[in-house]
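For the sequence shown, this note's numbering gives the first residue as 4, with consecutive numbering after it.
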Amino acid sequence: MFLRIGKQYQFSQIGRIKQRKRSHIKYFSKPIIEGQYGVVPARAVPSHIQRPSYINETKPIYGIYEGAPVVHNQDMIQKLRKAAQIAAQTAYVAQKSVKLGMTTDDLDKIVHEFIISQNAYPSPIGFMGFPKSVCTSVNEVCCHGIPNLRPLNGGDSLNIDVTIFYDGVHGDTSVMAQVPEMNPEITKLIDTTQKALYEAIKICKPGQKFSKIGDIIEEVAGDEGFTVCELFTGHGIGELMHMPPTIIHNFNDYPGVMVPGNVFTIEPILLMRHDQYLMWKDNFTVVSPDNPSAQWEHMILITENGYEVLTKREDETGI
């Protein structure tokens, strides 16, 4: 959720030009158009549910982006396990709820109600001004899509990026969902992205270079003819949604090695091809026109002997 721009890249790489009419659209019959559908205001969170600090602070701190990778103690790890499982359960419910004709705002309602039923807070609400409970990135939206009143059409795919706040810490994960009948090329992209995530997770252990994650993801993507979105990164997580280390998903020289107690997200975005990025006026939605994308995300704990996938869902068997 809210992946930070990697420090070696700048927002200036993302254009703000209006989407031009295209004479040929290969992948989508109905492009995602800025401002075409309304956004319903954020849903209320019961007053008894604990809020993250950025909700009430006059000068909120959304994350820490420099410094040594955070090493959590056992008490904090137990809190992160619980928050991660609430996030995983939420993502599972949301993914299974996707159907033809529903809107992404309908999905936001489902996510919101499940999160508060767990006495947790939907972390996106109020994070840097984000107006909803979840990110829903449909088709050519590659990151940070805001749920709105657009109905899902046959052939649509979408990323559902869930972040929750519970007992003082965040849990963060994302899944892909599809509306039949799917383009087989897009299905292959989605499957390859999940494979890239799984293969990157499998190399995690004490002493492993953080940079190795990007090497693995780039190799898996390249073998299938896809490209890695280089703008966004994974991140450490705990009391704040974003903390060191930074997890870069393409070839990189990020310093440092994993140690027991590190908790971070791996969340690669793969695209059909390398192309331009456009950011909408909402300052969140990033699109790559007629360029399908896919993203999966997990929270990883480095243990004494390897790794633990904190956000593993009940239906997962590949990790």
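Beta carbons: idealized from backbone N, C-alpha and C, even for Gly.
For the pair Phe213 and Gly259, the CB atoms are nearer than the 8 angstroms cut-off.
For Gln77, the secondary structure class from DSSP, reduced to helix, strand or coil, is helix. Each of Pro49, Thr190, Met282 was checked against the Cα of Ile119, and the nearest Cα belongs to Pro49. In this structure, DSSP gives Met105 a state outside helix and strand, which the three-state scheme calls coil. Under a 10 Å Cβ-count criterion, Ile149 is classified as buried, with 16 or more other Cβ atoms of the shown protein chains found around its own Cβ.
Beta-bridge pairing by DSSP links Ser140 to Asn162.
Here Val262 has Val74, Pro209, Ile305 as same chain residues with Cβ atoms under 7 angstroms from its own Cβ, once five neighbours each way along the sequence are excluded. Straight across, the Cα-Cα distance linking Gln88 with Ile250 is about 21 angstroms. Between Ile163 and Ile113, the alpha-carbon positions lie close to 12 angstroms from each other. In the assembly as shown, Gln39 is an exposed residue. Its beta-carbon has fewer than 16 other beta-carbons within 10 Å. Here His252 is buried, its C-beta having at least 16 other C-beta atoms within 10 Å. Taking each of Thr195, Glu116, Ile204, Ser177 in turn and checking the Cα distance to Gly228, the smallest one comes out for Thr195. In the DSSP assignment, Leu274 forms a beta bridge with Thr230, Ser296.
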